[in-house]
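Down below is the structure, laid out as structure tokens.
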Amino acid sequence: MSRVVSMACPHCGAPASCRDTRTLSPLYRELTYQCRNTLCGHVWVCGLEAVRTLSPSATPAPEVRLPLSPHVRRRALCGLPCAPANEESDDADDQCLPAPAR
Ligand SMILES: [Zn+2]
Numbered sequence: 000m001s002r003v004v005s006m007a008c009p010h011c012g013a014p015a016s017c018r019d020t021r022t023l024s025p026l027y028r029e030l031t032y033q034c035r036n037t038l039c040g041h042v043w044v045c046g047l048e049a050v051r052t053l054s055p056s057a058t059p060a061p062e063v064r065l066p067l068s069p070h071v072r073r074r075a076l077c078g079l080p081c082a083p084a085n086e087e088s089d090d091a092d093d094q095c096l097p098a099p100a101r
């Protein structure tokens, strides 16, 4: 089952229906929306782009270059495990702290 991101018409705010999708690359798709308000009739194209990695793939595709989220990069530099994918955060507790002095 495939779901499409819901969107309101940028002009009148009515719900819109996705009429077409085009995959342009593994990281980018275009979606064509049509306003459901018959008095408006707006049709437009949106871009859907993968922008960063929250949890690295166990089967990475060599052609995919998707940067790590800053908090994941900080954890990797500290040797900490990655946070779960639904735990995106830039909280201070994700930062590397210097080892305590002895
Ligand atoms: Zn509209």
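Quick note on numbering: numbering that gives the first Met the number 0 labels position 1 of the sequence shown as 0, and the sequence is numbered without any gaps.
Glycine residues also receive a C-beta, built at the ideal position from the N, C-alpha and C atoms.
Hey, how far is the Cα of residue i from the Cα of residue j?
i: serine 24; j: valine 42; result: 23 Å
i: arginine 74; j: arginine 28; result: 30 Å
i: cysteine 11; j: threonine 37; result: 11 Å
i: methionine 6; j: arginine 51; result: 22 Å
i: proline 66; j: threonine 58; result: 16 Å
i: proline 61; j: alanine 13; result: 41 Å
i: leucine 53; j: proline 69; result: 9 Å
i: arginine 187; j: valine 4; result: The requested residue 187 does not occur in the structure, where the chain is confined to residues 0 to 101.
i: leucine 47; j: leucine 79; result: 31 Å
Do residue j and residue i have their beta-carbon atoms positioned less than 8 Å apart in this structure?
i: arginine 35; j: alanine 15; result: yes
i: leucine 26; j: alanine 49; result: yes
i: glutamine 33; j: arginine 18; result: yes
i: cysteine 39; j: cysteine 8; result: yes
Taking all protein chains shown into account, decide if residue i is buried (16 or more other Cβ within 10 angstroms of its Cβ) or exposed.
i: cysteine 77; result: exposed
i: valine 71; result: buried
i: serine 56; result: exposed
Give me whichever residues DSSP pairs with residue i in a beta bridge.
i: valine 44; result: Thr31
i: arginine 21; result: Glu29
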